[in-house]
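Trainee:
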Amino acid sequence: MAPQLKKAVEMRKKQLIQRLIQLGIYKKEERHLYELSLSELESEYQSIKKGG
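According to full-length UniProt numbering, the sequence shown is numbered sequentially starting from 1.
#1: Within the continuous alpha helix (DSSP H) that includes Leu38, where are the two ends?
#2: With burial defined as no fewer than 16 other Cβ atoms inside 10 Å of the residue's Cβ, what is the status of Ile21: buried or exposed?
#3: Alpha carbons only, please: which of Gln4, Lys50, Glu10, Ala2 is nearest the one belonging to Glu35?
#4: Determine the direct distance from the alpha carbon of Leu5 to that of Gly51, and round the result to whole angstroms.
#5: Can you say whether Leu16 is buried or exposed, counting buried as having 16 or more other CB atoms within 10 angstroms of its CB?
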């Protein structure tokens, strides 16, 4: 993965983790947020935003 892309992915993951923590989400099932992929974090965040 190109260094710029990797940095962008890591920044987005950090952003989503911070937002989920602010919403009171610390884990998904038995996995901590930092263990999730970007797509899993995006999915979780979208689910919470929609009220799910």
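For each residue, glycine too, the CB sits at the ideal point set by N, CA and C.
Mentor: Working from what's here:
#1: Sequence index remark: in the sequence shown, residue 38 carries index 38 (1-based). Unbroken alpha helix (DSSP H) run through Leu38: 38–49.
#2: Residue mapping note: residue 21 aligns to position 21 of the sequence shown, counting from 1. So Ile21 counts as exposed.
#3: Looking up residue 35 in the sequence shown gives position 35. Looking at the Cα atoms, Glu10 is the closest of the given residues.
#4: Counted from its first residue, the sequence shown places residue 51 at position 51. Counted from its first residue, the sequence shown places residue 5 at position 5. Roughly 30 Å separates the two Cα atoms.
#5: Indexing the sequence shown from 1 puts residue 16 at position 16. By the neighbour-count rule (16 or more Cβ atoms within 10 Å), Leu16 is buried.
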